[in-house]
Amino acid sequence: MEASTTINAAGGRKGLARRKRVSKSVKSGLQFPVGRIGRLLKKGRYAQRIGRGTPVYIAAVLEYLASEVLELAGNAVKDDKKARIIPRHLMLAVRNDEELNNLLKGVTIAEGGRPPFVVDVLLPKKAGRCWVETSQCVMIGALSSSNIYCGPGRSAKGKLQKQILKDIQVNHFTFYEA
Numbered sequence: 001m002e003a004s005t006t007i008n009a010a011g012g013r014k015g016l017a018r019r020k021r022v023s024k025s026v027k028s029g030l031q032f033p034v035g036r037i038g039r040l041l042k043k044g045r046y047a048q049r050i051g052r053g054t055p056v057y058i059a060a061v062l063e064y065l066a067s068e069v070l071e072l073a074g075n076a077v078k079d080d081k082k083a084r085i086i087p088r089h090l091m092l093a094v095r096n097d098e099e100l101n102n103l104l105k106g107v108t109i110a111e112g113g114r115p116p117f118v119v120d121v122l123l124p125k126k127a128g129r130c131w132v133e134t135s136q137c138v139m140i141g142a143l144s145s146s147n148i149y150c151g152p153g154r155s156a157k158g159k160l161q162k163q164i165l166k167d168i169q170v171n172h173f174t175f176y177e178a
């Protein structure tokens with residue numbers, strides 16, 4: 001049998017060579033600091049005793065939530081055609097996700113702004129055609145002179161066209177949906 005070789009370790013003590021220290025975060029495969037979370041749990045006196053797996057579990061949950069929010073915020077950044085995540089993107093990410101919104105409903109994100117809200121009546125219709133009927137003619141689609149229809153063989157030119165557009169602008173028309 002071979003004898004254990006003794007070497008001078010740190011502090012001048014003789015003994016076996018020490019292994020390199022490995023943090024709890026590395027052992028558990030996490031990026032969040034497991035040791036710090038454990039220390040803060042003990043220091044905060046949340047309970048008389050804290051189990052060994054508790055800080056690992058909390059660190060894993062926090063890491064998952066952070067990655068989820070950052071992924072959604074990154075999507076908001078791409079939609080906004082920007083290169084940097086700002087608090088507004090974080091707010092949009094949280095408020096547009098049903099589960100995160102439910103979890104963080106009482107949270108105010110500083111500099112996040114207000115969630116966008118447009119009344120349904122103001123949104124454009126997705127399907128179907130619409131037309132505007134004035135006293136003389138019918139206008140189909142958007143407000144432009146090329147969309148005015150006055151019946152077969154009639155066209156809205158000159159004074160009639162100007163009068164129709166004026167009637168439409170001052171709300172002398174009836175709006176229909178198809």
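First residue of the sequence shown? That's 1 in the UniProt record's numbering, and the numbers climb one at a time after it. Glycine included, C-beta positions come from ideal geometry on N, C-alpha and C.
{"Item": "Hey, how far is the Cα of Arg19 from the Cα of Arg88?", "Value": "47 Å"}
{"Item": "Could you work out which residue in Arg114, Tyr46, Ala60 and Arg36 is closest to Asn96 when comparing CA atoms only?", "Value": "Arg114"}
{"Item": "Which whole-angstrom value is the C-beta distance of Ala73 and Leu90, which I expect to be below 8 Å?", "Value": "5 Å"}
{"Item": "Just confirm the distance between the C-beta atoms of Val34 and Val56, as a whole number of angstroms; I'd bet it's less than 8 Å.", "Value": "5 Å"}
{"Item": "How far does the alpha helix (DSSP H) with Ser25 in it extend, from its first residue to its last?", "Value": "Lys24 to Ser28"}
{"Item": "Just confirm the distance between the C-beta atoms of Glu63 and Leu41, as a whole number of angstroms; I'd bet it's less than 8 Å.", "Value": "Not a contact, Cβ separation roughly 16 Å."}
{"Item": "Would the beta-carbon of Ile58 fall within 7 Å of that of Ile85?", "Value": "no"}
{"Item": "Which residues mark the beginning and the end of the alpha helix (DSSP H) in which Ala83 is found?", "Value": "Taken as a continuous stretch (DSSP letters only), Ala83 belongs to no alpha helix (DSSP H), as it is neither H nor E."}
{"Item": "Excluding five sequence neighbours on each side, which residues of the same chain lie with their C-beta closer than 7 Å to the C-beta of Leu92?", "Value": "Ala76"}
{"Item": "Helix, strand or coil for Arg39? Go by DSSP, reduced to three states.", "Value": "helix"}
{"Item": "By the three-class DSSP mapping on this structure, what secondary structure does residue 195 have?", "Value": "Since the first and last residues shown for the chain are 1 and 178, residue 195 lies out of range."}
{"Item": "Note down the Cα distance separating Phe32 from Glu98, rounded to an integer number of angstroms.", "Value": "25 Å"}
{"Item": "Can you tell me the Cβ-Cβ gap for Glu68 and Leu104, rounded? I've got them flagged as a contact below 8 Å.", "Value": "Rounded, the Cβ-Cβ distance is 11 Å, inconsistent with contact."}
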